[in-house]
Amino acid sequence: MTQRVLTTSAGIQVRWISEPVEWKELKSSWSELLSNSAADAIFLCWDWLDTWLEVYGDGGTWVILTATGRDGVLIGVAPMMLDRGTGLGGKWLRRLLMIGQKADTASEFLDWILRKGFEQPATNALCQFIFSNLADLWDILLFNSMRADSAMIPMLVAEGTGRKCFPSVTKTTTAPYVTLAPTWDVFLNQQRGKFRQRWNKFHRDHSVTIRLAGRDMSIADGMAKIRELNESRWGHRRQSFLSERYIRFHDRVAERLHKTGHLLLIFIEADGEIVAGRYDFAYEGKGWSFQGGWLPEWEKLSIGKMMLTQVMRWCIEHGLKEYDFLGGSASYKSEWSDGERAMVSIQAANPASIRGRLYLYLKDIRDRLRSNVDSREHQTITVQVIRTLDALQREKEVWTRLWRSHPRPEIFQHFGWSLAVAKAYQWEERLYVLLLRDADGVPVGICPWALSGGRISWLTSPRADYNDVVCAATDGPRVVEACLRHLQETRGRDWHEVLLEDVPDDSVWSTHIRSLKNPPLKIAAENPESCWSVQMDADGAVLGGITAKKGYSRNEKALAGFGSVSLDEQITLEQRMAALPGFFDLHIARWAAAGKTSMFGEESSREFYRLLMQDSELARLIDFTSLTVSGEPAAYHIGFWGAGRFFVYKWCFDPARQKAGPGTVLMVRLMAYAVKRGFLEFDFLRGGEGYKNRFANTSHLSHDWRAFASPIRGCWHETKARLRQRYPALAKSLGALSRGDVHSIRQIVKPMPPGAVSEQDP
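Those letters in the sequence shown? Residues -5 to 756, by this note's numbering.
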């Protein structure tokens, strides 16, 4: 008989819950654990799962595992169930699933709930129970609809691999989201002028009233109305509210979530008739998109977009920071979103189950056959080289669509950024942008390169810190391979050297170039560089530790001695253009005081920043703030936000107030400003300046990628790199000799002893 309790060597007790009575006992501790985990999602809250078990819980055996520490505190819960597969072949497979993934409720962001700081021991204990106590009960582990950044995934993979289980993680889709502006006016100003005109016309031509279920109608009436609108919108193509259980589940969960303040059931009434509605949720500081509908006769007025905008307005006015579209690649999601999260599934065979291993063996054969087809599809990708600004501007919509599909759409890959670089620095003759299309002629990727003097580089270098190709993560392998194949075909003709600088280690380019088994061209990563950042926490402990330092409080007091200090935003285009000359002048003065020359002494650099500010689509990603003392600017910062991070890009301060530390005050206030807006990573980008190390508590790597058309030049480059590491003084002398600087050559030193570390080493 299966043992239902396991105590690990670390003193963690794992208990198997399979009955409703035992499940109800978890209610008092569930919400506290969920709020102190990284998995806090509406689909894992108590009301959602409890309702799911009431309606769908008879579909299998509950396997809800709890992990409790030595002190009796709950540190982890794995909400799972056992069931049989589907189809003729699947019925003999016993599957271990997440609660919520089976049935038609559309649960997403499923996960194990692990207390922060205890993820590793809790996961280890839960895995030990699964692979030992439950070993005789399951054949296949199949977890769907999980976020790729789930804390448990790498630990589950490591545990499974150590037990000869070898779990596989497969990307299934993406979940787009949009970061909401701090106010409704700012949000509306960020939209295109055509949309604002349509919005204003709709409200001018019709008597519009917003109705909320629970306030203007009962929840039951609201759910009935949303079903009616959904059916009107989709007709026979609808996929929601089809089964009796689906309707029963959502009617019940809507009532429960309304009582906890997490339901957002909202409608637009126009001219006395309800014409559109959304069934969404408001939970943990963000809106969760779920389902909606509208009357078809209002579609010509973009009523679906009006309804979605109204939902975002409600979210902004109620202090929410983000609107999550959940999984799927619908066009309206990519139109609104400024970031997306990858969604994955995990699959593994029980090493103790012959059926499970046989299933994966057959599946592997099928996947190999499919991969051969995919490889042939990769060969059909065509590459168009864009060499003029006119041709580049014609592909703006394509570029924008691909950028929105990128797993981390940052400003450095935005069309507007590349166009501003090309225009400001008059680099049209350098354009070497690759547009990649599949066999059907559909664009699948953009590679923003430049070609100058026989060298291929990123178009935006050195004006971008994190460079990457522009494509969806799922298209990454074939896009990267096609880029390398193009380089192979044009080597020695178009280019002699490739130098792609500042590419993040987790970028699409770096990730997929390493996964290629037989790359068409040899290209190597070099010059690893740490990019420092501050990883914040929602509770404010990290920020509190920074502001509590004596040095910072002294700077605040010293700066306050000059007058009242405030951090001001330049939001509108007029405000930004008016503030730019002051930013340029202060930057020039700051660097002149340090005996150096500011980049803004050149008109091209000033023009680049003007173009950035004037791009309406870039505007919502740009942060332009000033630290003022009695209304006079003491420091400026121009940075960006996107993909969940706040980026510090270009800043300066008044050298006359340097002793008061305006730069330090600016940085700390920007951190508080970023946290307030929901950004928990404060990224300093590349560079090893001292102030970054003072603040940073984490880092990630970026590399340069280099290739040579000539094998001889490639070998010589590798030789020099080894010399620089082994004989740093000799390398310096050879470099001086190659420049003709004979007088700076130093004597050749003896080889470094084994184990010694060169000053050149990172």
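Cβ atoms here follow ideal geometry from the backbone N, Cα and C, with glycine treated the same way.
For this session: Confirm, please, whether the CB-CB distance from residue 262 to residue 304 is below 8 Å.
Result: Position 310 of the sequence shown, counted from the start, is the residue given in the question as residue 304. Position 268 of the sequence shown, counted from the start, is the residue given in the question as residue 262. Yes, these two residues count as a Cβ contact at 8 Å.
Exercise. Is the stretch 614 to 627 touching the stretch 295 to 312, taking contact as three or more C-beta pairs under 8 Å?
Worked result: no
Problem set entry | Touching by the beta-carbon criterion (3+ pairs, under 8 Å), the stretch 530 to 537 and the stretch 492 to 506 | no
Exercise. Skipping 5 residues on each side, what residues in its chain have a beta carbon closer than 7 Å to that of residue 741?
Worked result: For this step, residue 741 is matched to residue 747 along the sequence shown. Because residue 741 carries a pLDDT of 40, less than 50, the predicted location of this residue cannot be relied on, and the following value inherits that uncertainty. No residues qualify anywhere along the chain.
For this session: State buried or exposed for residue 157, treating a residue as buried only when at least 16 other CB atoms are found within 10 Å of its CB.
Result: Taking the sequence shown and counting its residues from 1, the one referred to as residue 157 is at position 163. Buried.
For this session: For residue 349, collect the residues of the same chain with a Cβ closer than 7 Å to its Cβ; drop the 5 residues on either side in sequence, then sort them by chain order.
Result: Start at 1 with the first residue of the sequence shown, and residue 349 comes out as number 355. If we look at residue 349 and ignore the five residues flanking it on each side, its Cβ neighbours are 86, 87 and 133.
Exercise. Where do the N-terminal and C-terminal ends of the alpha helix (DSSP H) with residue 471 fall, by residue?
Worked result: Residue numbering aside, residue 471 sits at position 477 when the sequence shown is read from its first letter. Run containing residue 471: 470 to 484, per the alpha helix (DSSP H) assignment.
Exercise. Quick one: is residue 749 buried, meaning 16 or more other Cβ sit within 10 Å of its Cβ, or exposed?
Worked result: Position 755 of the sequence shown, counted from the start, is the residue given in the question as residue 749. Any answer about residue 749 is weak, because its pLDDT of 39 lies below 50 and its placement is not dependable; what the coordinates show is given next. When all chains shown are included, residue 749 counts as exposed.
For this session: Excluding the 5 residues preceding and the 5 following residue 279 in the sequence, name in chain order all residues of the same chain whose CB lies nearer than 8 Å to its CB.
Result: Indexing the sequence shown from 1 puts residue 279 at position 285. 313, 314, 315, 316 and 672.
For this session: From the DSSP output, in three-state form, read off residue 135 for me.
Result: As a first step, residue 135 must be located in the sequence shown, where it is residue number 141. Strand, per DSSP.
Problem set entry | Alpha carbon of residue 681 to alpha carbon of residue 577, nearest angstrom | Your numbering for residue 681 matches position 687 in the sequence shown. Your numbering for residue 577 matches position 583 in the sequence shown. Distance between the alpha carbons of residue 681 and residue 577 is about 22 Å.
Exercise. Taking just the CA atoms, how far does residue 464 sit from residue 34?
Worked result: Here residue 34 refers to the residue found at position 40 of the sequence shown. Here residue 464 refers to the residue found at position 470 of the sequence shown. So the two alpha carbons sit approximately 30 Å from each other.
Exercise. Can you name the start and end residues of the alpha helix (DSSP H) that residue 86 belongs to?
Worked result: On the sequence shown, residue 86 is found 92 positions in, with the first residue counted as 1. Element bounds for residue 86: n/a, residue is neither H nor E.
Problem set entry | Rounded separation between residue 467 and residue 267 - CA only | In the sequence shown, counting from the first residue as 1, residue 467 sits at position 473. In the sequence shown, counting from the first residue as 1, residue 267 sits at position 273. The straight-line gap from Cα to Cα measures roughly 43 Å.
For this session: Decide if residue 230 is buried, meaning its Cβ has at least 16 other Cβ atoms within 10 Å, or exposed.
Result: For the purposes of this step, residue 230 is identified with residue 236 of the sequence shown, where counting begins at 1. Burial call: exposed.
For this session: Grab me the residues of residue 491's own chain with a C-beta within less than 6 Å of its C-beta, minus the 5 sequence neighbours each way, in chain order.
Result: Your numbering for residue 491 matches position 497 in the sequence shown. These residues qualify, in order along the chain: 449 and 702.
For this session: Sort out for me which residues DSSP pairs residue 1 with in a bridge.
Result: Translated into the one-based positions of the sequence shown, residue 1 becomes position 7. According to DSSP, which records beta bridges pairwise, residue 1 is partnered with 7.
Exercise. At what residues does the beta strand (DSSP E) containing residue 596 begin and finish?
Worked result: Counted from its first residue, the sequence shown places residue 596 at position 602. No beta strand (DSSP E) contains residue 596, which DSSP labels as neither H nor E.
Problem set entry | Cα-Cα separation, residue 474 to residue 699 | To locate residue 474, count along the sequence shown from 1; it is residue 480. To locate residue 699, count along the sequence shown from 1; it is residue 705. Using only the alpha carbons, I get a separation of about 13 Å.
For this session: Would you check if the distance between the CB atom of residue 633 and the CB atom of residue 333 is smaller than 8 Å?
Result: Position 639 of the sequence shown holds residue 633. Position 339 of the sequence shown holds residue 333. The answer is no: Cβ separation not under 8 Å.
Exercise. Can you name, in chain order, every residue of its own chain whose Cβ lies under 8 Å from the Cβ of residue 147, other than the five neighbours on each side?
Worked result: Reading the sequence shown from its first residue, position 153 is the one you call residue 147. Excluding sequence neighbours, residue 147 sits near 140, 163, 338 and 340.
For this session: Between the Cα of residue 557 and those of 573, 651 and 60, spot the shortest distance and give me the residue it belongs to.
Result: The residue labelled residue 557 in the question sits at position 563 within the sequence shown. Closest option to residue 557, Cα to Cα, is 651.
For this session: Look up residue 315 in the DSSP assignment and say whether it is helix, strand or coil.
Result: For the purposes of this step, residue 315 is taken as residue 321 along the sequence shown, with counting starting at 1. Three-state result, residue 315: coil.
For this session: Compute the distance between the beta-carbons of residue 676 and residue 666, then report whether it is under 8 Å.
Result: Residue numbering aside, residue 676 sits at position 682 when the sequence shown is read from its first letter. Residue numbering aside, residue 666 sits at position 672 when the sequence shown is read from its first letter. Cβ atoms of residue 676 and residue 666: not closer than 8 Å.
For this session: Hey, could you find the ends of the alpha helix (DSSP H) residue 56 is sitting in?
Result: Within the sequence shown, the letter at position 62 stands for residue 56. Note, residue 56: premise wrong, no alpha helix (DSSP H); beta strand (DSSP E) at 55 to 62.
Exercise. In three-state terms, what does DSSP make of residue 491?
Worked result: Position 497 of the sequence shown holds residue 491. The answer is strand: DSSP assigns residue 491 an E or B state.
Exercise. With respect to the alpha helix (DSSP H) encompassing residue 686, which residues constitute its N-terminal and C-terminal limits?
Worked result: Counted from its first residue, the sequence shown places residue 686 at position 692. 684 to 689 is the span of the alpha helix (DSSP H), which, as asked, contains residue 686.
For this session: Work out the CA separation of residue 257 and residue 124 for me, nearest whole Å.
Result: Position 130 of the sequence shown, counted from the first residue, corresponds to residue 124. Position 263 of the sequence shown, counted from the first residue, corresponds to residue 257. One C-alpha to the other measures close to 35 Å.
Exercise. What separation, rounded to the nearest whole angstrom, lies between the Cα atoms of residue 29 and residue 380?
Worked result: Position 35 of the sequence shown, counted from the start, is the residue given in the question as residue 29. Position 386 of the sequence shown, counted from the start, is the residue given in the question as residue 380. Going from the Cα of residue 29 to the Cα of residue 380 covers about 50 Å.
Exercise. For the candidate residues 454, 390, 489 and 423, whose alpha-carbon lies nearest to that of residue 415?
Worked result: Numbered from its first residue, the sequence shown carries residue 415 at position 421. Looking at the Cα atoms, 454 is the closest of the given residues.
Exercise. For the beta strand (DSSP E) that residue 460 lies in, which residues bound it at each end?
Worked result: Taking the first residue of the sequence shown as position 1, residue 460 is located at position 466. No beta strand (DSSP E) contains residue 460, which DSSP labels as neither H nor E.
Problem set entry | Proximity below 8 Å, CB of residue 697 to CB of residue 522 | On the sequence shown, residue 697 is found 703 positions in, with the first residue counted as 1. On the sequence shown, residue 522 is found 528 positions in, with the first residue counted as 1. Cβ distance < 8 Å, so residue 697 and residue 522 count as in contact.
Problem set entry | Cβ neighbour criterion (16 or more within 10 Å) applied to residue 244 | As a first step, residue 244 is located in the sequence shown; it is residue number 250 there, counting from the start. Classification of residue 244: buried, given that the 10 Å Cβ count is 16 or more.
For this session: Name, in chain order, the residues that DSSP records as bridge partners for residue 467.
Result: By one-based count along the sequence shown, residue 467 stands at place 473. Bridge partners of residue 467: none, in fact.
For this session: Would you check if the stretch 657 to 666 and the stretch 596 to 604 touch, i.e. whether three or more CB-CB distances between them fall below 8 Å?
Result: no
Exercise. Looking at the C-beta of residue 22, does it have a partner C-beta in chain B at a distance below 8 Å?
Worked result: Among the chains of the structure shown, chain B does not appear; only one protein chain is present.
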